[in-house]
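Asks: Quick one: structure below, then a few questions.
Numbering (our numbering), first residue to last: 102 to 187.
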């Protein structure tokens, strides 16, 4: 049996220390690519150099990819679905 002593919060701490970018999937089916700078026990996140990506469907049925750059943001933890470290 393998015992792992790390917690999910250790994963977030590692992302800050190493400085790797993260992808945050949020409730409204959007993705945030950026650098994690801080977090708390509620998974509220401070992100920098964020690129927000989402898709929209036009009247003719074509899917359009949209994006927006956000220099610094605070994301409330209850909107976070999943976090991946790149």
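Note that beta-carbon positions come from the ideal geometry of N, C-alpha and C, so glycine has one too.
Rounded to whole angstroms, what's the CA-CA distance from residue 117 to residue 160? Just pull it up for me.
Replies: Going by the C-alpha atoms only, they are around 42 Å apart.
Asks: Residue 111: which of 139, 132 and 135 sits nearest, CA to CA?
Replies: That would be 139, whose Cα lies nearest to the Cα of residue 111.
Asks: Please list the terminal residues of the continuous alpha helix (DSSP H) segment that includes residue 150.
Replies: No alpha helix (DSSP H) contains residue 150, which is instead part of the beta strand (DSSP E) from 146-158.
Asks: When the Cα atoms are used, what is the spatial distance from residue 145 to residue 128?
Replies: Distance between the alpha carbons of residue 145 and residue 128: 14 Å.
Asks: Between residue 144 and the ligand SAM, is the CB less than 8 Å from at least one heavy atom?
Replies: Although the ligand SAM was asked about, the structure shown includes no ligands whatsoever.
Asks: Counting along the chain, where does the alpha helix (DSSP H) carrying residue 114 start and finish?
Replies: Residue 114 -> alpha helix (DSSP H) spans 109-119.
Asks: At the level of alpha carbons, what is the spacing between residue 155 and residue 171?
Replies: Going by the C-alpha atoms only, they are around 14 Å apart.
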